[in-house]
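K.L.:
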Amino acid sequence: MTKHFLFCGPSGSGKTSIVKYLLAKYHFMRFSISATTRPKRAHETEGQDYYFMTIENFRNHIEQNHFVEWEQVYEGRYYGTLKSEIERIEAINCSVVFDVDVEGGLKIKQHFGSNLLAVFIRPPSAEDLRERLIARNTETAESLEIRLNKSIKELEYENRFDNIIINDDLEQSCLKAEVLVNTFLSH
Ligand code: 5GP
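The opening residue of the sequence shown carries number 29 in this note's numbering; numbering runs sequentially from there.
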């Protein structure tokens, strides 16, 4: 059975940077491209970062039971993991790497059981989280507050994951993630 990897944590925790590092290093890993109804950011590519879709299209996928999990992560903003995405990656004998929110992550963890390594990425502090979200400069003042409030709630779930990485230094965190991956693969 193929092993898969899940990285969860608040928006701004740095989980996406860690995931990108692992994907560049381990060529047997493939990123699970989620579907979302949020607008595409300037640097993002359709079918690479996300499958961007209308709310109507997303709802059709829900009705047809196409998702392993989906969440309304923010008001009116839906995100979900399509079953077809996992099938696409498993068909080429690769491991799936998930970067999803905490609730979606717990559903994925339940779906894959012990074939999945579930890692929680924690920012060193709430203040640090705020600074990172501001520095990222992708949010308006309003959406920044929404993301920050959600992120603070998400911190309460960290003990439900297999491992926690406190991301106070990205380089060190990437190395820690690498060790966790290698250990998981060797068992
Ligand atoms: P962003 O809008 O910054 O790309 O992502 C916002 C949040 O949605 C992040 O925490 C991200 O991990 C999460 N997310 C991305 N894809 C999915 C998904 O397929 N399912 C769920 N539940 N969350 C997702």
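All C-beta atoms in this analysis are idealised placements derived from N, C-alpha and C, irrespective of residue type, glycine included. If you're wondering where the values come from, they're calculated on a predicted model, not measured in any experiment.
Note down the Cα distance separating Tyr-185 from Val-130, rounded to an integer number of angstroms.
P.N.:
Spanning the two alpha carbons is a distance of roughly 7 Å.
K.L.:
Entirely within the segment 29-70 and at least 3 residues each: give me those beta strand (DSSP E) ranges in chain order.
P.N.:
Listed in chain order, they are 32-36, 57-59 and 62-64.
K.L.:
Which whole-angstrom value is the C-beta distance of Ile-136 and Val-125, which I expect to be below 8 Å?
P.N.:
Not really, about 11 Å apart at Cβ, beyond 8 Å.
K.L.:
Thr-109 to Gly-133, Cα distance in whole Å?
P.N.:
Thr-109 and Gly-133: Cα-Cα distance of roughly 10 Å.
K.L.:
To the nearest whole angstrom, what separates the beta carbons of Lys-31 and Asn-143, a pair I think is in contact under 8 Å?
P.N.:
Rounded, the Cβ-Cβ distance is 5 Å, consistent with contact.
K.L.:
Run the CB neighbour count on Phe-148, radius 10 Å, all protein chains shown included, and call it buried at 16 or more, exposed below.
P.N.:
Classification for Phe-148: buried.
K.L.:
Kindly indicate which three-state DSSP category Ile-83 falls into: helix, strand or coil?
P.N.:
Note: Ile-83 maps to helix in three-state DSSP.
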